[in-house]
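Below you'll find the structure, written out as C-alpha cells, and then a few comments.
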Ligand code: TLP
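Residue numbers (this note's numbering): 85 to 444.
Pasting the structure below:
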C-alpha cells in the first residue's frame with residue numbers, strides 16, 4: 085500500500101496520529117475511491133435510475149453468485165431487511181447465541197418485525213451444533229410453538245475472533261435447512277475475509293446460502309454501504325423493506341462508486357491484514373498476562389484475554405491509548421484488535437513494543 089498515510093482523525097491527510105485497531109470499520113476511503121466518488125454518474129436510485137448503484141448491484145450479485153443484489157446503508161439494515169423478507173411475524177430466527185445479529189443489532193428483527201430470536205449455543209469455531217440446529221428447525225405441529233422462519237450463520241464470526249466457517253459446514257447447515265423447508269441467511273459482513281483466508285472463490289461459501297449480506301465498509305475500506313444478495317424475488321422484497329426502513333437513498337452512486345472500487349481493488353489485499361493479525365497475535369502471545377489461542381487468529385481479528393497481576397483491561401487500554409494505540413474491549417477480561425487497510429507491518433511492530441513496555 086505504497087503512498088498511503090494513516091489518516092488523522094481530524095480529516096487532514098498529514099502525519100498519522102493514531103493506530104486505531106478498534107475495528108476495520110474505521111478505515112478511510114482510498115485515493116481511488118475518492119476519485120471514483122467525484123467522477124460518479126448519478127441518478128435517483130429510488131427510481132432505479134442511478135447508473136453507478138445499478139452497476140454495483142450487478143457486480144455484487146455476480147461476485148457472490150446470486151441473481152440480484154441491493155445496496156443498503158449498513159450491515160445492520162441489510163441483515164434486518166433480509167430477515168424480514170424471509171419471515172412472517174411470529175416466526176423464529178434461528179441463530180447463534182454469539183452472533184452479531186443477536187448481540188449488536190438492537191433486537192431489530194424482534195422490535196420492528198415481530199420475529200422471535202431463537203439463539204443456539206455457538207462453539208469456539210463459530211459453528212452452531214448441527215443436532216441443536218436440526219431440533220430448532222423442526223416445525224412442531226402444536227399451536228403452543230412459534231414456527232421456524234430462517235436459519236442465520238455468520239462468516240467470518242466476529243465474537244469468536246474472526247474465525248472462518250468452512251464450505252463443508254455451510255453445506256451441512258444447508259441440508260438441514262432445506263430438509264425443513266427453511267432459507268439460510270448469511271451475515272457475511274466479512275465474507276471476503278473468509279474466502280481469502282480459505283483461498284477459495286467467495287461463491288464456494290455463498291453457494292450454500294439463500295441470501296448473504298456483506299459489508300463494503302469494513303476491511304474493503306469503503307466509507308458506507310453493504311449489499312444483500314440472493315434470488316431476485318427475495319431481493320425485490322428486501323428492496324421494498326429497505327424503503328420501509330427509510331433506507332431508500334437518492335443519488336447513492338456517491339456511495340456505490342467507492343463500493344465498486346472496494347470490490348474490484350480491495351479484496352485480494354485482505355491477505356495483508358490477515359498476515360498483520362497473525363504477527364500481532366504472535367507478538368502479544370509472548371507478553372505477561374496475555375492469553376491468546378493462536379489457532380483462532382484466522383483472519384483480521386485478534387481476540388485475547390488479559391489476566392495480568394497489575395493491570396485490568398480498562399487500564400491496559402488506557403495505557404495503549406496514551407501511546408496513540410486504540411483497541412476495544414469485548415468484556416472485562418477480553419480485548420479485540422482488528423487489522424485493516426492503513427495499518428502496516430511497522431504499526432504492528434510498534435504496537436507490540438508498546439504493549440510489551442506496558443505489561444513488563
Ligand atoms: N460490527 C462492528 C460492531 O458492530 C461490533 C465491528 O466493529 O465489528 N455483522 C457483523 C458480523 C459485524 O461485525 C457488523 C459490524 C455488522 C454485521 C453490522 O454492520 P454495520 O456496522 O454496517 O451495521
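Even for Gly, the Cβ is constructed at its ideal location relative to N, Cα and C.
Please read all numbers here as calculations on a predicted model, not as lab measurements.
- [ ] State buried or exposed for residue 240, treating a residue as buried only when at least 16 other CB atoms are found within 10 Å of its CB.
- [x] buried
Task: Short CB-CB distance (under 8 Å) between residue 293 and chain C - done: The question asks about chain C, but that chain is absent: this structure has only one protein chain.
Open item on the list: Using a Cβ-based criterion (distance less than 7 Å to any ligand heavy atom), does residue 163 qualify as near the ligand TLP?
Closed with: yes
Open item on the list: For the ligand ATP, is there any heavy atom lying closer than 7 Å to the beta carbon of residue 111?
Closed with: Ligands present in the displayed structure are limited to the ligand TLP, and the ligand ATP is not among them.
Open item on the list: Going by beta-carbon coordinates alone, are residue 295 and residue 318 separated by less than 8 Å?
Closed with: yes
Open item on the list: Please classify residue 87 as buried or exposed, where buried requires at least 16 other C-beta atoms within 10 Å of its C-beta.
Closed with: Any reading at residue 87 is ruled out, since the residue's pLDDT is 41, under 50, leaving its predicted position unreliable.
- [ ] Return helix, strand or coil for residue 152, following the three-state DSSP convention.
- [x] strand
- [ ] Give the DSSP-derived three-state secondary structure of residue 123 in the structure shown.
- [x] helix
- [ ] Flag residue 273 as yes when its Cβ comes closer than 7 Å to any non-hydrogen atom of the ligand TLP, and as no otherwise.
- [x] yes
Open item on the list: Just to confirm, is the Cβ distance from residue 365 to residue 150 under 8 Å?
Closed with: No, they are not a contact pair.
Task: Pick from 256, 423 and 333 that is closest to residue 363, judged by C-alpha positions - done: 423
Task: Straight-line Cα distance separating residue 119 from residue 31 - done: Outside the displayed range of the chain (85 to 444) lies residue 31, so it cannot be described from this structure.
Open item on the list: Just to confirm, is the Cβ distance from residue 137 to residue 337 under 8 Å?
Closed with: yes
Open item on the list: For residue 108 and residue 370, what's the separation of their Cα atoms in angstroms?
Closed with: 25 Å
Open item on the list: At a threshold of 7 Å, does residue 228 count as lining the ligand TLP (C-beta to nearest heavy atom)?
Closed with: no
TODO: Pick helix, strand or coil for residue 128, following the three-state DSSP scheme.
DONE: If DSSP states are grouped into helix, strand and coil, residue 128 belongs with coil.
Task: For residue 233, the nearest candidate out of 280, 252, 300 and 222 (CA to CA) - done: 222
Task: Nearest to residue 177 (by Cα), restricted to the options 242, 189, 194 and 190 - done: 194
TODO: Please classify residue 99: does DSSP put it in a helix, a strand, or coil?
DONE: With a pLDDT of 43 at residue 99, under the threshold of 50, the modelled position of that residue is not reliable, and the figure given next carries that caveat. Residue 99 falls in the coil class under three-state DSSP.
Open item on the list: Considering just the uninterrupted stretch of the beta strand (DSSP E) at residue 238, what are its terminal residues?
Closed with: 232 to 238
- [ ] Work out the CA separation of residue 179 and residue 202 for me, nearest whole Å.
- [x] 6 Å
Open item on the list: I'd like to confirm the pairing. Which residues does DSSP put opposite residue 269 in its beta bridges?
Closed with: 236 and 295
- [ ] Say yes only if the C-beta of residue 160 is nearer than 7 Å to one or more non-hydrogen atoms of the ligand TLP, and no if none qualify.
- [x] yes
Open item on the list: By the three-class DSSP mapping on this structure, what secondary structure does residue 179 have?
Closed with: strand
- [ ] Identify whether residue 228 lies in helix, strand or coil by the three-state DSSP scheme.
- [x] coil
Open item on the list: Let me make sure I understand the geometry here. Which of 343, 421 and 174 has the alpha-carbon closest to that of residue 228?
Closed with: 174
Open item on the list: I'd like the span of the alpha helix (DSSP H) that includes residue 419, first residue to last.
Closed with: Note, residue 419: premise wrong, no alpha helix (DSSP H); beta strand (DSSP E) at 418 to 422.
Open item on the list: Contact between the region 296 to 309 and the region 274 to 285 is defined here as three or more beta-carbon pairs at a separation below 8 Å; is this criterion met?
Closed with: yes
Task: Contact test: residue 188 Cβ vs the ligand TLP heavy atom, cutoff 7 Å - done: yes
TODO: Buried or exposed for residue 399, please, with buried defined as at least 16 other CB atoms from any protein chain shown within 10 angstroms of its CB.
DONE: Residue 399 should be labelled exposed.
Open item on the list: As a quick exercise: from 279, 395, 281 and 170, pick the residue whose alpha carbon is nearest that of residue 231.
Closed with: 170
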